[in-house]
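Taking it in order: structure first as structure tokens, then the write-up.
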Amino acid sequence: MKKRSSSREQQKPTMKRKGRKEGATIGMDLGDRTSRYCALSKDGEILHEGEVPTTKAGMVEAFGPLGRVRIAIEVGTHSPWVSRLLQGLGHEIIVANPKQVKLITESTRKDDRLDAQTLARLARIDPQLLRPIQHRSDKAQAALMNIRVRAALMSARTSLVNTARGLAKSMGERLPKCDADQMGVRQAVSLPPRLQQVLEPLLKEVESLTEKIQDSDRKIEQIARKDYPETALLQQVGGVGPLIALTFVLTVEDKGRFQKSRDIGCYVGLRPRRSDSGQSQPQLRITKEGDPYLRTMLVQGAHYIISRRGPDTDLKRWGLHLAKHGGKRGKKRAVVAVARKLGILLHRLWVTGEVYEPLRNHNLRQERNKIAA
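Residue numbering for the sequence shown is 813 to 1185, as defined by this note's numbering.
As structure tokens, then:
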């Protein structure tokens, strides 16, 4: 009896032969285990459809033998390493932003096969329809992992502290007020012995997480100083330490990717949405596009800048003016506006390498007033 070859074994040679001959455009919907792909000819004819394991070996086996082709994938968990791997094989890679591609995200017939076909057709016609994004390099992503690990440790510690406080309240007791990095077994000495015994494992874990977070802070500071000395330019701004500076540099990575520093506001999603129609110009919330962690870091820096602890700067004065005259939600709007300005300022310092002058605009106005007088 003749043994039948599997469908995958039959499909591979077809894709390789036609892809090399026709200069195919391939759309691939990345999955956790396997990924669906669709190859189109220059005329839009479907050359081949199939699936490939979402592994490095599987990608190399499927796409390594092909000549240079255009491959479109969606941004996701696997897209950074897949895009770097396929670029290394000589292919043109387009990483699509799914939030901008409504043909995929809002489709009523959504499945992996059709998503791959839609990606291929959009990439064949005009790659800009996919609103392509740029993944960071392997070195930058490896360094950024240290920041992500710290964020995960911070989140875990916050959850444990909140749990401990909630359990104490349920017994009619309260843990003393303190910063999270000060929370530990010693903070529970005023509680009844039985409750101390119950909360001890949680509070010991909080202490352990605090030590790990401090180790992460030292490692991040070392990476910033040794591998990314340009972060020193950004740390000239009050409220910007190694964490915010390194997060900014690693996330943006290429300071020349923006024609104007003002584009940073759009990149991190701190630009207000627009829905203007005729005379109607409603005030909408920010877009919240881009990297959410960088946006969070900029907002934290903005909170410090306009706080009492923040030094006197042009940016602080501008933010306080907005907060005072911004109505009911003036403080929140001021924080977002200052965060957007902070991102622009950091990019400007990075590009120009200038020495930061906290009160530059104020001093210029005073000089003009003197000249005018």
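Built from N, CA and C at the ideal position, the CB exists for glycine as well.
Scanning its chain for C-beta atoms nearer than 7 Å, with the 5 sequence neighbours on each side dropped, one finds around A935 the residues T837, G839, R882, A884, I906, L942, in chain order. By the Cβ criterion, the segment 1042–1062 is not in contact with the segment 1008–1025, since fewer than three pairs of Cβ atoms, one from each stretch, lie closer than 8 Å. A buried status is given to L1058, since no fewer than 16 other beta-carbon atoms sit within 10 Å of its beta-carbon. Listed as beta-bridge partners of G862 by DSSP are Y849.
A straight line joining the alpha-carbon of Y849 with that of D841 spans about 6 Å.
Counting only the Cα atoms, N958 lies some 17 Å from T1108. As the crow flies, the alpha-carbon of K1144 is around 14 Å from that of K1153. The Cβ atoms of D1039 and A955 lie closer than 8 Å to each other. In the structure shown, the three-state DSSP call for E886 is strand. Taking a 10 Å sphere around the C-beta of R1083, we find 16 or more other C-beta atoms and assign the residue as buried. In this structure, the CA atom of M966 is about 11 Å from the CA atom of D1029. If you draw a 10 Å sphere on the C-beta of R962, you find 16 or more other C-beta atoms in it, and that means buried. Rounded to whole angstroms, the separation of the alpha carbons of S1002 and R1129 is 43 Å. For a cut-off of 8 Å, the C-beta gap from V1150 to I1183 is around 30 Å, too long to register as a contact. In this chain, the beta strand (DSSP E) harbouring A908 covers 904–908. Measuring C-alpha to C-alpha distances from E1166 to each of L1132, V1049, H1133 identifies V1049 as the nearest. By the beta-carbon neighbour count (other beta carbons within 10 angstroms, threshold 16), T1164 is exposed. Taking A1036 as reference, the option from L1055, Q1026, E1023 with the minimal CA-CA separation is L1055. At least 8 Å separates the beta-carbon of E886 from that of P865. Here the segment 946–955 does not lie against the segment 867–876, with fewer than 3 beta-carbon pairs under 8 Å apart. Rounded to whole angstroms, the separation of the alpha carbons of T889 and D844 is 8 Å. Following the DSSP letters along the chain, one finds D855 in no alpha helix (DSSP H), marked with neither H nor E. If you ignore the 5 residues before and after I1156, its C-beta comes within less than 7 Å of the C-beta of S1073, R1074, I1076, G1077, all in its own chain and listed in chain order. When the alpha-carbon of D1103 is set against those of D924, L931, V1080, the nearest one is in V1080.
Scanning G902, S853, H860, A851 for the CA closest to the CA of G876 turns up G902. Boundaries of the alpha helix (DSSP H) around I1025: 1005–1039. Excluding its 5 nearest sequence neighbours in each direction, L897 has C-beta neighbours in its own chain below 8 Å: K868, M871, V872, listed in chain order. In the three-state reduction of the DSSP assignment, G1142 falls in the helix class. When the Cα atoms are used, L1110 and G1138 turn out to be separated by approximately 20 Å. Bridge partners of G1053 according to DSSP: none are assigned. In the DSSP assignment, T837 falls within the unbroken beta strand (DSSP E) covering 837–841. Under DSSP, the beta-bridge partners assigned to I945 are V907. Non-local beta-carbon contacts of L1106 in its own chain, meaning distances under 7 Å to residues more than five positions away in sequence, involve T1059, F1060, T1063, V1080 in chain order. Rounded to the nearest angstrom, the gap between the Cα atoms of Q1178 and R1172 is 10 Å.
By the neighbour-count criterion, in which 16 or more other beta carbons inside 10 Å mark a residue as buried, S847 falls on the buried side.
Taken in chain order, the whole alpha helix (DSSP H) runs of length 4 or more contained in the segment 932–993 are 950–982.
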